[in-house]
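First to last, the protein sequences are chains R and P. Every position in the first sequence, counted from 1, becomes a number in the working numbering once 32 is added. Every position in the second sequence, counted from 1, becomes a number in the working numbering once 83 is added. Backbone N, C-alpha and C define an ideal beta-carbon position, used for all residues, glycine too. I have placed the structure first, in the form of structure tokens, so that the comments after it can refer back to it.
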Amino acid sequence: MQGGEKEAQRYVWDGAIPLQVHLHDSEVTTLPPPPPALILAPRIGYLPLLSSQLKPFFSGALPPGVDTIWFEYKGLPLKWYIPTGVLFDLLCAEPERPWNLTVHFRGYPGNILIPCDGEDSVKWSYINSLKEAAYIIHGSSKNVMNMSQPDQVELWRSVMNGKLDTYNRISSKLKLGIIEDDFSEKVNPSLKAPHTVNETEATTTLKTSRIPVRLYLCNTNQDFENLETVPPFETWDQISYINRPVEINKEGKYFTLYDAVKSILPEFFHPADEEEGKDGVIKLVRIQGIEPKMEIPFSWVVNNLMNPDYFLHICVYINAGRPMGT
Amino acid sequence: MASDQATLDGSLSSTDFQNSANAFAQKWNEFNSGFPEWSWIDCSSRLGFHRVTEGYLSLQHVFFPRSIEEEHDEGNSNDHQEPFDTATLVQSNNDSNDGDWYDFHVVYSSSYRVPVLYFHAQTSDGQPLNVGEIEKNLPTKSSDVLMDSKWTFITQQEHPYLNRPWYMLHPCGTSEWMKLLLADHNSTDRYLVSWFTVVGQVFGLKLPLEMLKS
């Protein structure tokens, strides 16, 4: 492993969104109302995990009743099973800092959001996602299902508490090393073992890797020059979610982020503007808060920018000229 | 047209899924008249451009009478080795209030490369059912299996096309048992028929014998 690689992964793990959290007016029973809570939400974390900090802060102002925490942004209930950093990248075309969210402890919108019974639900959602990733990579989830109970607990805690070293130690046992990093090999050719005749033969046979990718597609439905002019989303129907692995055929060809996005959304790429990349319909590709260059090797992007569930979450803004679903 | 992949690892491609789903729906509607029909819901334009493989199979408004355990268990074990009879255990019946309404959707999972059953259940007056209430509608043996089997594990997940929470049967074991079921056939056209003989049983839904003939 290269030092530089570790560094990028650590940036992702240390990444956090400054939140300014307001208690929804309908749940305020005190005068004056409580001030907003300012907290840092880890990018790789999930919103309900902030409950242990937010609940004590607002509990004094809440009406009597049973608490079920949920969040909204400009009227849109937030899906708790999407990592916080991805929600931010997706819903704030122009990053808003601090990010103003509204928290609710009552009136859970069960028709829009999957039920959440606290940390346990979040943990199972994470494990299920990891299982799915393992299946994509290996064609079987058994490495995850057979994980020992202590390992499972420790892995989850490492994600929850942002302990990268523990995470790397436990997750390496799952043997989910996704793809070789062509990039590091090119930069540092000495890392590559010398080819024998047999190996050369082996590499000429077609080898396919499947990479777990969750892609969120926002159709802004209007041409925008400036990210600030993108209107807020009113419903989740404005965002299409594509859960489809990227398949890499290893034929010695250099596979870039451009190739990956193109493989999921071939309709947006026409031979005519092949060189221009995202100058056409695609307006913005954002991963972990950054807009990577499209010619970056996809292997580097995956190995460094994936979430702890082994999925690479990609936010794509498009302008397809007309609303989706019509 | 049909690939060999299904026989090798129990999975299928999205194109094969669509073909197989259409073949399944056609047969079901032919041999199971009187029962609600399966239809392909076309979502080919959902992304703002045309994509033919976007869509799912849907069966709406299936009525499940309350406390029908006796009927479900009638002379049949849940062992899928047994031959199926043609009895349909649930009927469409608009007159009765003593029961619940189910919608079933079969959606393709690109991750697991298998069909996944999503369902939504509500009472006659439109209240959604929780897992406990759903269990009461299932054959006794299914609800037992539900407790400890991996592939029948029911969770609420987001419906990939409706953007709303639906129940689903977890697909992580599907390709394994499909591999066994498909051992003697190599046609992906029949994939969904074979798949439904197992998944349908969870709800006591059976296929007419004619559908099982090649």
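Between the CA atoms of residue j and residue i - distance to the nearest angstrom
i, j, result
"P:Pro-290", "P:Val-282", "It is worth fixing the name first, because residue 290 of chain P is Leu in this sequence and not Pro. Between P:Leu-290 and P:Val-282, the C-alpha separation is close to 11 Å."
"P:Met-261", "R:Glu-104", "41 Å"
"R:Phe-137", "R:Val-278", "38 Å"
"P:Asp-208", "P:Ile-217", "16 Å"
"R:Ser-58", "R:Phe-330", "47 Å"
"R:Val-317", "P:Leu-95", "30 Å"
"R:Ser-180", "R:Trp-188", "12 Å"
"P:Val-135", "R:Pro-298", "13 Å"
"R:His-345", "R:Asn-336", "12 Å"
"R:Asn-351", "R:Ser-241", "30 Å"
"P:Leu-212", "P:Asp-183", "8 Å"
"R:Ile-274", "R:Ser-161", "14 Å"
"P:Leu-288", "P:Gly-215", "19 Å"
"P:Leu-252", "P:Gly-117", "26 Å"
"P:Phe-100", "R:Arg-42", "41 Å"
"R:Phe-343", "R:Val-293", "14 Å"
"R:Asn-339", "R:Ser-173", "18 Å"
Which of helix, strand or coil DSSP assigns to residue i
i, result
"R:Gln-52", "strand"
"R:Phe-330", "helix"
"R:Trp-156", "helix"
"P:Ala-85", "Because P:Ala-85 sits at a pLDDT of 45, beneath the cut-off of 50, its placement in the model cannot be relied upon, and the following sentence gives the value as read from the coordinates. P:Ala-85: coil per DSSP, three-state reduction."
"P:Leu-264", "helix"
"R:Ser-25", "The requested residue 25 of chain R does not occur in the structure, where chain R is confined to residues 33 to 358."
"P:Phe-83", "Beyond the ends of chain P as shown, which are 84 and 297, falls residue 83 of chain P; an answer cannot be given."
"P:Gly-182", "strand"
"R:Cys-347", "strand"
"P:Phe-236", "coil"
"P:His-253", "coil"
"P:Trp-123", "strand"
"R:Ile-359", "Because chain R spans 33 through 358 in this model, residue 359 of chain R falls outside it and cannot be assessed."
"R:Glu-279", "strand"
"P:Lys-219", "helix"
"R:Trp-268", "helix"
"R:Ile-168", "helix"
"P:Ser-258", "helix"
"P:Val-189", "strand"
"R:Glu-151", "helix"
"P:Glu-241", "strand"
Beta strand (DSSP E) segment containing residue i, residue limits
i, result
"P:Gly-138", "138–148"
"P:Asn-105", "No beta strand (DSSP E) contains P:Asn-105, which is instead part of the alpha helix (DSSP H) from 97–114."
"R:Tyr-290", "Counting along the chain, R:Tyr-290 falls outside any beta strand (DSSP E), though it belongs to the alpha helix (DSSP H) covering 289–296."
"R:Val-245", "245–251"
"R:Lys-315", "314–318"
"R:Trp-102", "102–105"
"R:Trp-131", "131–136"
Any non-hydrogen atom of the ligand GTP within 6 Å of residue i CB
i, result
"R:Gly-97", "The ligand GTP is not part of the structure shown, which contains no ligands of any sort."
Whole-Å CB distance - residue i paired with residue j, under 8 Å assumed
i, j, result
"R:Lys-155", "R:Asn-175", "Between R:Asn-175 and R:Lys-155 the Cβ distance is about 18 Å, and since that is not below 8 Å, they are no contact."
"R:Val-135", "R:Leu-259", "Not really, about 26 Å apart at Cβ, beyond 8 Å."
"R:Ile-49", "R:Trp-131", "5 Å"
"R:Ile-271", "R:Leu-247", "No, R:Ile-271 and R:Leu-247 are not in contact; Cβ-Cβ is about 11 Å, not under 8 Å."
"R:Pro-80", "R:Trp-112", "5 Å"
"R:Ile-146", "P:Gln-239", "5 Å"
"P:His-203", "P:Trp-278", "Rounded, the Cβ-Cβ distance is 20 Å, inconsistent with contact."
"P:Glu-111", "P:Trp-121", "As written in the sequence, residue 111 of chain P is Trp, which differs from the Glu given in the question. Going by Cβ atoms, the distance from P:Trp-111 to P:Trp-121 rounds to 5 Å, so yes, they are a contact pair."
"R:Phe-287", "R:Ile-280", "5 Å"
"R:Val-262", "R:Ala-125", "4 Å"
"R:Leu-86", "R:Thr-61", "Contact doesn't hold; Cβ gap of about 16 Å is too wide."
"P:Ser-192", "P:Pro-119", "The Cβ separation is near 24 Å, so there is no contact."
"R:Pro-109", "R:Pro-141", "5 Å"
"R:Phe-301", "R:Leu-123", "About 26 Å; that fails the 8 Å criterion."
Limits of the unbroken alpha helix (DSSP H) element including residue i
i, result
"R:Trp-188", "181–193"
"R:Gly-117", "116–123"
"R:Leu-86", "83–90"
"P:Ser-277", "274–282"
"P:Leu-292", "292–295"
"R:Val-176", "174–177"
Test: residue i CB closer than 7 Å to a CB of chain C
i, result
"P:Gln-210", "Judged by its chain identifiers, the structure shown contains no chain C, and its protein chains are R and P."
Check: Closer than 9 Å, Cβ to any Cβ of chain P: which residues of the stretch 107–140 of chain R, in chain order?
Finding: Lys-111, Tyr-113
Notebook entry, point to check: Using a Cβ cut-off of 7 Å, which residues of the stretch 254–267 of chain P contact any Cβ in chain R, in chain order?
Noted result: Cys-255
Next item on the list: Anything in the stretch 75–91 of chain R with a Cβ closer than 8 Å to a Cβ of chain P? List those residues in chain order, please.
Entry: none
Notebook entry, point to check: Listed in chain order, which residues of the stretch 268–286 of chain R have Cβ atoms closer than 9 Å to some Cβ of chain P?
Noted result: Trp-268, Asp-269, Ile-271, Ser-272, Tyr-273, Ile-274, Asn-275, Arg-276, Pro-277
Checklist line | Contacting positions in the stretch 192–204 of chain P - beta carbon closer than 7 Å to chain R | finding: Ser-193, Ser-194, Tyr-195
Next item on the list: Would you list, in chain order, the members of the stretch 149–164 of chain R that have their beta-carbon closer than 7 Å to a beta-carbon of chain P?
Entry: Lys-163, Glu-164
Check: Along the stretch 43–58 of chain R, what residues have a CB closer than 7 Å to any CB found in chain P?
Finding: none
Next item on the list: May I ask you to list, following chain order, the residues of the stretch 96–123 of chain P that have a beta carbon less than 7 Å from some beta carbon of chain R?
Entry: Those would be none; no residue qualifies.
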